[in-house]
Amino acid sequence: MTSPTIAAPRPAGAAAAPRKRFSALQHRDFRVLLFSTMALQIGSWVQTIGQGWLVLNDLGGSATDLGLVALLRGGALVVVSPFGGYLAGRLERRKQLLVYTAVSAFIATLLAYLIGTGSIEIWMIYVTAAAAGVVEALAGPIRSLLVYDSVGGEDLTAAVAINALGGNAMRVIGPAIGGALIGIVGTEGAFEVQAACIVLSLVLTWQLRPSAPDRSEQHEGPLRSIVSGLRYIGRDRTMLAIVAMALLPSLLVYPYVTFLPVFARDVLGSNESGYGYLAASVGLGSLLGGVVVAFRAADGRRMGHAMVWTCFLYCAAVGAFTVTRDLWVAVGVLSVAGVFHSMYSAYNASLMQLRAPPEFRGHVMSLQTMTWGTTPFAALLMGQLIDSWSAPPVVGAFMALAALLTVVLGLVSRSMRRV
């Protein structure tokens, strides 16, 4: 048997533009990674629907309990992500991803077993949420770096957009399946489907070719390497602004997703099916947004300017959602929000990788995963305020603040608008 071929590292292509639309699909490893990520994401969304309904309805929890579950997962992301970025650059990425995906499959199977046997308690949700956060913190930077490994700088923006398209397709399918399964076979069925999807992701990940670890600064220990990465970001004002633009929605906008069960049940008078429709509607709009980015990636110009305005429009659309009282109108408004969310996310992720030198790319992508982990901290506060004041005014105020800060940041950072 011949030894596996190590994928050659791609040259830095910070200023390179994609060669043509959807050209990233010509790369075999990118296609395998895309399908692996899609399988993982559909499982994740099925879990999100099942876990939210389990905590709020089956276990008698509150909005604060939903926020606490998200906080434990996010806290793990914040603490562990820098080490995930360090390991992603120092060890062979495919092997690491196989281990982390296998652990995710075990966690999902355990939850399905506990629910099926009637042994589930809310503290078990807390523990498994924290464990899942650790795994995501370690695997997240690797999946981001593997996109670059598989296509290089020339096709990166198109690859990020296509990756987002796949993820958003799963965001449409996953909540719909999750909501249907809860209604037909209960939350146990949702978690069984999640486990099956992660096992499929594991099988697909096995098909990837190994990626050579980065050889620069191999002598640095993890803490020193993390500090040097943070110093680089502090020195580069444009990169600092890009990271800030990743952090702002994570703190002020994304937490609303945690409370979609509250909107479905208490504001719109619906049930788990309505919850699934609301969650799926964001992904439905995101499909269109991903197509727009994939086509615009052909020129690769002024992504910073586009990132600022699509983020602003995303905040405005979610703000409009908070004042709707009809389920189908809410679904339509969130679909519009999904268009702008997908565009903003693709621009932000592309700029992070395209602007970063190869030796700091792992650090930058670990910071991206860290920003995801900050969402639950804001969600806990949002949940407590919702318990006191109700969901619409609280979420609406968060959206107004996010929109204002986005405009301010866009006006202050002239260099970001030029990239």
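If you want my numbering, it's the 1-based position in the sequence shown plus 3.
Idealized CB from N, CA, C, for every residue including glycine.
{"Asked": "Exposure label - tryptophan 56; buried when at least 16 CB within 10 Å", "Found": "buried"}
{"Asked": "Own chain partners of leucine 281 with C-beta closer than 7 Å, once the 5 adjacent residues on each side are dropped", "Found": "Leu263, Phe266, Ala267, Ala333, Val334, Leu337"}
{"Asked": "Length of the line joining the Cα atoms of alanine 403 and cysteine 318", "Found": "7 Å"}
{"Asked": "Spatially closest choice to valine 326 from Thr377, Gly186, Pro395, by CA coordinates", "Found": "Pro395"}
{"Asked": "Cβ pair count under 8 Å reaching 3, the segment 407–416 against the segment 240–257", "Found": "yes"}
{"Asked": "Beta-carbon gap between proline 144 and alanine 91 smaller than 8 Å", "Found": "yes"}
{"Asked": "Integer Cβ distance of alanine 135 from leucine 205, believed to fall under 8 Å", "Found": "That belief does not hold up - the Cβ atoms of alanine 135 and leucine 205 are roughly 15 Å apart, past 8 Å."}
{"Asked": "Secondary structure of serine 84, DSSP reduced to three states", "Found": "helix"}
{"Asked": "Integer Cβ distance of isoleucine 245 from methionine 373, believed to fall under 8 Å", "Found": "Between methionine 373 and isoleucine 245 the Cβ distance is about 14 Å, and since that is not below 8 Å, they are no contact."}
{"Asked": "Contact the segment 73–85 vs the segment 235–245: 3+ CB pairs below 8 Å", "Found": "no"}
{"Asked": "Same chain, Cβ closer than 8 Å to arginine 34, neighbours up to 5 away in sequence not counted", "Found": "Leu28"}
{"Asked": "Straight-line Cα distance separating methionine 41 from serine 289", "Found": "14 Å"}
{"Asked": "Spatial distance of methionine 385 from glycine 186 (CA atoms)", "Found": "28 Å"}
{"Asked": "Phenylalanine 315 classed as buried or exposed, judged by whether at least 16 other C-beta atoms fall within 10 angstroms", "Found": "buried"}
{"Asked": "Within 8 Å, strictly: CB atoms of methionine 248 and alanine 309", "Found": "no"}
{"Asked": "Beta-carbon separation (whole angstroms), alanine 320 vs valine 339, contact threshold 8 Å", "Found": "5 Å"}
{"Asked": "Whether proline 258 touches threonine 378 by CB criterion (8 Å)", "Found": "yes"}
{"Asked": "Serine 153 (DSSP reduced to helix, strand or coil)", "Found": "helix"}
{"Asked": "Cβ-based burial, glutamate 124 [other Cβ within 10 Å; buried from 16]", "Found": "exposed"}
{"Asked": "Proximity of glutamine 197 and glutamine 44 at Cβ, strictly below 8 Å", "Found": "no"}
{"Asked": "Under the three-state DSSP convention, the category serine 47 falls into", "Found": "helix"}
{"Asked": "Ordered list of alpha helix (DSSP H) runs contained in the segment 244–331, each at least 4 residues", "Found": "275–299, 306–324"}
{"Asked": "Three-state secondary structure assigned by DSSP to serine 107", "Found": "helix"}
{"Asked": "Own chain residues within Cβ distance below 7 Å of asparagine 166, not counting five before or after", "Found": "Leu37, Thr40, Val150"}
{"Asked": "Length of the line joining the Cα atoms of alanine 79 and alanine 140", "Found": "7 Å"}
{"Asked": "Serine 393: CB within 7 Å of a non-hydrogen atom of the ligand COA", "Found": "Summarising the ligand content, the structure contains no ligands, and the ligand COA is consequently not present."}
{"Asked": "Where the alpha helix (DSSP H) containing alanine 394 begins and where it ends", "Found": "394–415"}
{"Asked": "8 Å contact criterion, which histidine 30 and serine 153 should meet: CB distance rounded", "Found": "5 Å"}
{"Asked": "Residue nearest to arginine 328 in terms of C-alpha spacing, selected from Gly277, Val102, Thr112", "Found": "Gly277"}
{"Asked": "First and last residue of the uninterrupted alpha helix (DSSP H) at leucine 203", "Found": "190–209"}
{"Asked": "6 Å Cβ shell around serine 84 - same chain, five flanking residues per side excluded", "Found": "Ala140, Ser369, Thr372, Met373"}
{"Asked": "Cα-Cα separation between leucine 117 and tryptophan 126, rounded to whole angstroms", "Found": "12 Å"}
{"Asked": "Neighbourhood of valine 137 by C-beta, 7 Å cutoff - its chain only, sequence neighbours within 5 removed", "Found": "Ala79, Val83"}
{"Asked": "Option nearest glycine 279 by Cα separation, candidates Asp32, Ile389, Ile52, Val367", "Found": "Ile52"}
{"Asked": "Pairwise C-alpha distance: valine 58 and valine 415", "Found": "42 Å"}
{"Asked": "Alanine 111 vs glycine 46 beta-carbon contact at 8 Å", "Found": "yes"}
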